[in-house]
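Numbering (the numbering used here), first residue to last: 20 to 295.
Rendered as structure tokens:
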């Protein structure tokens, strides 16, 4: 249900005193009534100076109140950067990220991905993987994601590819939380120039393991176990976890041949096989 607000009723306003009309029984009464009414109106129009000042003061107060309501607030000057409060959206986002870090853990066991665990017949379907992270300027995001991926046992190696030649990264820039389990092997590469997305596949070609998990540095995948479990059903295919809008956009910009085969998928499948 929509509720409508009458601005005329909610704000101060002046009514028209001559809008109402009294009707008498005959012409004589009408004349007397009009004469008396005119005398009354003329009497009401004679305001004393005190009443006029009060009336003027009320008008000024009303105008000031209205101007304060409809005038946007202007931030005052900030002497130091530290005085600027963190935006509410950033605070909420940090709380969500911290909640994810505190609550997420893998359903897979670290023991099953050791050399002895992978040799067991019951674990022959398990496949250790290498995580490839592509970085540009979000260094804090990279550090967060590296620490986040380390809690998943099937991530046995992490490769960080830095596409920004103005920033130099090393293994010392990344700290693992030991309470989640054994730390994965970490490799960091600093590119001499920006290789864009091709760097993801170049990094995968340098991986220690046959299969790669690839992502950017600007989000946390909260469905790691689901994606990995789905990957185990068909390891030779590409598996992705992304927003439907992005998937539709990628499909729209793929090329097809006369046989209606998706050339983009064929190229990616060929590239994936070559990297393995």
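Ideal Cβ positions, reconstructed from N, Cα and C, are used throughout, including at glycine.
For this session: Identify the continuous beta strand (DSSP E) that holds residue 176 and give its terminal residues.
Result: 174-181
For this session: Name the residue from 77, 68 and 115 whose alpha carbon lies nearest to the alpha carbon of residue 238.
Result: Answer by Cα proximity: 115.
For this session: Give a yes or no on whether the C-beta atoms belonging to residue 219 and residue 165 are separated by under 8 Å.
Result: Result no, Cβ atoms of residue 219 and residue 165 do not sit closer than 8 Å.
Problem set entry | First through last residue of the alpha helix (DSSP H) which encompasses residue 121 | 107-122 is the extent of the alpha helix (DSSP H) around residue 121.
For this session: Check each candidate in 132, 107, 149 and 117 and name the one with the smallest Cα separation from residue 229.
Result: 149
Exercise. DSSP three-state call for residue 263: helix, strand or coil?
Worked result: helix
Problem set entry | CA nearest to the CA of residue 217, picked from 202, 234, 201 and 203 | Ranking the options by Cα distance to residue 217, first place goes to 234.
For this session: Return the first residue and the last residue of the beta strand (DSSP E) that residue 149 is part of.
Result: Looking at the DSSP string, the run of the beta strand (DSSP E) that includes residue 149 is 148-154.
Exercise. By DSSP, does residue 141 sit in helix, in strand, or in coil?
Worked result: helix
Exercise. Taking C-alpha atoms, which residue in 168, 207 and 184 lies nearest to residue 196?
Worked result: 168
Exercise. In chain order, what residues of the same chain lie with their CB nearer than 7 Å to the CB of residue 189, ignoring the 5 residues before and after it?
Worked result: 207
Problem set entry | Spatial neighbours of residue 271 in its chain, beta-carbon cut-off 6 Å, leaving aside the 5 residues before and after | Here the set comprises nothing.
Problem set entry | One or two residues paired with residue 186 in a DSSP bridge | Answer is none; residue 186 lacks a bridge partner.
For this session: Assuming residue 109 and residue 161 form a contact by the criterion Cβ under 8 Å, report the distance between their Cβ atoms to the nearest whole angstrom.
Result: About 19 Å separates the two Cβ atoms, so there is no contact after all.
Exercise. Whole-angstrom Cβ separation of residue 147 and residue 177, contact assumed at under 8 Å?
Worked result: At roughly 12 Å, the Cβ-Cβ gap does not stay under 8 Å, so residue 147 and residue 177 are not in contact.
Problem set entry | Between the CA atoms of residue 248 and residue 257 - distance to the nearest angstrom | For residue 257 and residue 248, the distance between alpha carbons rounds to 13 Å.
Problem set entry | Reduced DSSP category for residue 13 - H, G, I as helix; E, B as strand; rest coil | The shown model of the chain, from 20 to 295, leaves out residue 13, and the question about it has no answer.
For this session: State the beta-bridge partners of residue 233 as determined by DSSP.
Result: 151
Exercise. In terms of residues, what are the limits of the beta strand (DSSP E) holding residue 213?
Worked result: Unbroken run through residue 213: none, as it is neither H nor E.
Problem set entry | Distance CB(residue 209)-CB(residue 187) smaller than 8 Å | yes
Problem set entry | C-alpha distance - residue 268 paired with residue 260, whole-angstrom precision | 14 Å
For this session: Leaving out five residues on either side along the sequence, give the residues of the same chain with a beta carbon under 6 Å from the beta carbon of residue 222.
Result: 151, 178 and 180
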